[in-house]
Amino acid sequence: MELKKNDKIIVIAGVIILIISAIGIALYTSPSGREVGEITPPSKTFFYTWNKESRETTLGEGKFFVNKKTPFEQTFNISVDEGCVLNTINIHLTWTDDVTYGIIKKKGLDTLDAKVVCNGKELDASTKGNGDYWFNFTINEKPEDGSIEAKNESEVEQSIKDSIYNKNSASFTVTVRIETGERLWRLLKYLKDKGNDFDLSATYTYYYYTIEENTSSENSSGGEENVPQGGDIPTSGHGIGEFYRNLGYGIGMI
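Here it is as structure tokens:
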């Protein structure tokens, strides 16, 4: 059955309406699911700088005792806050023989040997009568200053913490031995001298970061050059789809 001229026009118009409507629906929402015209916040430039700080601490209770028959050995740990880098540890050991005799010349002086192992390095010292030792260790070098492109300061902090993970602490082992100076033939003095006290403390340095956003005009203008002027910023594809639908309806009226 042949279609009349008016029927053909209606069929053609209907096909055109379907095609234009499909185009309008496709433009209604972007493929990513993000509405057309939505603006992604631009990245900013942040500068970070490492600053050095020093601290002093007592190890344990500060005062220890080494027995002449049994060496002293203990492991200590020093840590700083997360996001900081431990730089150096300096262990300080002092002692004085507490059991001696003689007026003009001290006799029966003890000999104390100390050893500290830290970060794969071993240092030792030995003195007679008294001692003042420093055992100095480098744990981590100073991190480099730099800059990061990020949306906010929280992203910068997380990036820095990831790059210095597990660099905020270190442990070290102190071993102390003493040889008493009292002779066995001076039995009373020999028995009286059980060993000796010694003191332990430490100083350490570490680095912490500070963050500053780049507020120069060049950086702050980023992301604005493609924004239309006059407030005509499209917020969705509604207008485009509506246009094609209205156009289709208009053709249908032909």
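Residue numbers 568 to 821, in this note's numbering, belong to the letters of the sequence shown in order. Note that beta-carbon positions come from the ideal geometry of N, C-alpha and C, so glycine has one too.
For S721, which of helix, strand or coil comes out of DSSP?
helix
Between which two residues does the beta strand (DSSP E) containing Y771 stretch?
Per DSSP, the unbroken beta strand (DSSP E) holding Y771 starts and ends at G762 to E780.
Rounded straight-line distance, which links the Cα of D766 to that of N707:
26 Å
Kindly list the residues whose CB is nearer than 7 Å to the CB of I656, restricted to its own chain and excluding five residues on each side of it in sequence; keep chain order.
I645, C685, F704, I706, A737, F739, A769 and Y771
Quick check on the burial criterion: 16 or more other C-beta atoms within 10 angstroms. Buried or exposed for G581?
exposed
Beta carbon of W662, beta carbon of L679: below 8 Å?
yes
Give me, in chain order, the residues of the same chain whose beta-carbon lies closer than 8 Å to that of K575; leave out the 5 immediate sequence neighbours on both sides.
none
Pair every Cβ in the segment 620-633 with every Cβ in the segment 714-721, then say whether three or more of these pairs are closer than 8 Å.
no
Enumerate in chain order the residues of its own chain whose CB-to-CB distance from P638 is below 8 Å, with the five nearest sequence positions on each side excluded.
Only residues of its own chain outside the window of five on either side were considered, and among them T742, V743 and R744 have a CB closer than 8 Å to the CB of P638, listed in chain order.
Name the DSSP beta bridge partners of N707, please?
In DSSP, N707 forms no bridge with anything.
Nearest-angstrom Cα separation, counted from I583 out to I807:
Annotation note: pLDDT 48 at I807 (below 50); position unreliable, coordinate value reported separately. Across the structure, I807 and I583 are spaced so that their CA atoms are roughly 17 Å apart.
Burial state of V633 (16 or more Cβ within 10 Å)
Within a 10 Å sphere around the beta-carbon of V633 sit 16 or more other beta-carbons, which makes this residue buried.
How would you call G748, buried or exposed, if buried means at least 16 neighbouring beta carbons within 10 angstroms?
buried
Indicate whether D677 and D691 have their beta-carbon atoms separated by less than 8 Å.
no
So, with DSSP's three-state summary, where would you put L585?
helix
From E640 to F631, what distance separates their C-alpha atoms?
Near 10 Å, if we compare the C-alpha coordinates of F631 and E640.
Going by the beta-carbon positions, is the gap between Y774 and D712 smaller than 8 Å?
no
Contact under 8 Å by Cβ, E746 with F613
no
For the ligand NAP, I want to know if C685 counts as a neighbour, meaning its beta carbon is within less than 7 Å of at least one of the ligand's heavy atoms.
Judged by which ligands are present, the structure shown has none, so any question about the ligand NAP falls away.
Given this structure, state the Cα-to-Cα distance separating E716 from K709, to the nearest angstrom.
Approximately 22 Å, taken between the alpha carbons.
Identify the continuous beta strand (DSSP E) that holds E620 and give its terminal residues.
K611 to N634
Excluding the five sequence neighbours on either side, which residues of its own chain have a C-beta within less than 8 Å of the C-beta of G650, listed in chain order?
E724, I727, K728, I731, N735, Y775 and Y776
Please classify I658 as buried or exposed, where buried requires at least 16 other C-beta atoms within 10 Å of its C-beta.
buried
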